[in-house]
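To keep things clear, I will list the structure first and then write my remarks on it.
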Ligand SMILES: C[S@@+](CC[C@H](N)C(=O)[O-])C[C@H]1O[C@@H](n2cnc3c(N)ncnc32)[C@H](O)[C@@H]1O
């Protein structure tokens, strides 16, 4: 899936040339050295979690390292459920303690994955998301124009930050690690539906600390 996409990327670049946002400042993130696997392992150990779900497994780098009861969903490779996250959630009847969302990195799909995950998340459980902090516009463009790509996952985080009953943060590590817990939002983001529809990279660039509620890796460890 990841190979031979050069032609597709070329045409997507042409599309963005005409219709895409033009904003070329970059954020120089100083990401922590620890990564998503460190966070997932820590969450499982600290909370004695029993069941893990991963959406988007690819080469099973993370999935193989998780040693509790687990389901891995991917339409192409890895995991143990062959299909998309939508297909999985349609059939699923199980509940999970830790859900790692790392599938299709578009706002609409990630939002759907979060809402579906919440239905099957145990009360003290956690949702972790990868790729929440793109450093430049080319890393977030949808449709995508490159192999190394975060997509616009960040927009789904911003939307979830407006919910009263979900507490959401973004850890400054590994391309941005989102965490969502089912509890009172201690810092509700005040954005209307109209504001959310207008989100663009320039706005993210100027406001990412506030809208994504960025925290250090150690702060993240205390919260999970
Ligand atoms: C970035 S990779 C996952 C990497 C892996 N989680 C890791 O940390 O090493 C994204 C994966 O998502 C899968 N994917 C794409 N669309 C998906 C969807 N709708 N549902 C579930 N997985 C999807 C792709 O096939 C790809 O293997």
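In the numbering used here, the protein residues as written are 58 to 281. Just so it is clear, CB atoms sit at the ideal spot from N, CA and C, and this is done for glycine as well.
Bridge-paired residues (DSSP) for residue i
{"i": "residue 127", "result": "109"}
{"i": "residue 138", "result": "130"}
{"i": "residue 230", "result": "89"}
{"i": "residue 224", "result": "238"}
{"i": "residue 184", "result": "156, 237"}
{"i": "residue 272", "result": "228"}
{"i": "residue 293", "result": "This structure gives no information on residue 293, because the portion of the chain shown stretches from 58 to 281."}
Nearest-angstrom beta carbon gap, residue j and residue i [assumed within contact, 8 Å]
{"i": "residue 88", "j": "residue 231", "result": "6 Å"}
{"i": "residue 156", "j": "residue 184", "result": "5 Å"}
{"i": "residue 277", "j": "residue 198", "result": "With 8 Å as the limit, residue 277 and residue 198 do not qualify as a contact, their Cβ atoms being about 27 Å apart."}
{"i": "residue 98", "j": "residue 109", "result": "Residue 98 to residue 109, Cβ: 10 Å. No contact."}
{"i": "residue 158", "j": "residue 175", "result": "Actually they are not in contact, since the Cβ atoms of residue 158 and residue 175 sit about 11 Å apart, beyond 8 Å."}
{"i": "residue 79", "j": "residue 202", "result": "With 8 Å as the limit, residue 79 and residue 202 do not qualify as a contact, their Cβ atoms being about 14 Å apart."}
{"i": "residue 285", "j": "residue 179", "result": "Because the chain spans 58 through 281 in this model, residue 285 falls outside it and cannot be assessed."}
{"i": "residue 261", "j": "residue 211", "result": "6 Å"}
{"i": "residue 14", "j": "residue 190", "result": "Missing from the structure shown is residue 14; the chain here goes from 58 to 281 and no further."}
{"i": "residue 81", "j": "residue 194", "result": "7 Å"}
Best match in the options for proximity to residue i [C-alpha to C-alpha]
{"i": "residue 221", "options": "238, 273, 181", "result": "238"}
{"i": "residue 214", "options": "245, 108, 200", "result": "245"}
{"i": "residue 103", "options": "187, 181, 271, 263", "result": "181"}
{"i": "residue 206", "options": "269, 107, 188", "result": "188"}
{"i": "residue 275", "options": "91, 193, 73, 63", "result": "91"}
{"i": "residue 124", "options": "240, 160, 100", "result": "100"}
{"i": "residue 114", "options": "252, 219, 160", "result": "160"}
{"i": "residue 150", "options": "200, 62, 173, 271", "result": "173"}
{"i": "residue 240", "options": "132, 280, 251, 267", "result": "280"}
{"i": "residue 219", "options": "140, 248, 209, 254", "result": "248"}
{"i": "residue 66", "options": "132, 200, 209", "result": "200"}
{"i": "residue 273", "options": "253, 250, 235", "result": "235"}
{"i": "residue 253", "options": "177, 164, 196", "result": "164"}
Contact set for residue i: own chain, Cβ-Cβ below 7 Å, skip 5 residues either direction
{"i": "residue 217", "result": "171, 223, 225, 237"}
{"i": "residue 255", "result": "none"}
{"i": "residue 162", "result": "188, 206, 207, 208, 210"}
Sequence-distant residues of its chain with Cβ nearer than 6 Å to residue i (five each side left out)
{"i": "residue 106", "result": "154, 155"}
{"i": "residue 130", "result": "112, 136, 138, 142, 145"}
{"i": "residue 119", "result": "94"}
{"i": "residue 121", "result": "none"}
{"i": "residue 257", "result": "78"}
{"i": "residue 168", "result": "213"}
Cβ neighbours of residue i in the same chain (closer than 8 Å, five flanking residues each side left out)
{"i": "residue 192", "result": "83, 84, 85, 86"}
{"i": "residue 243", "result": "224"}
{"i": "residue 116", "result": "134, 135"}
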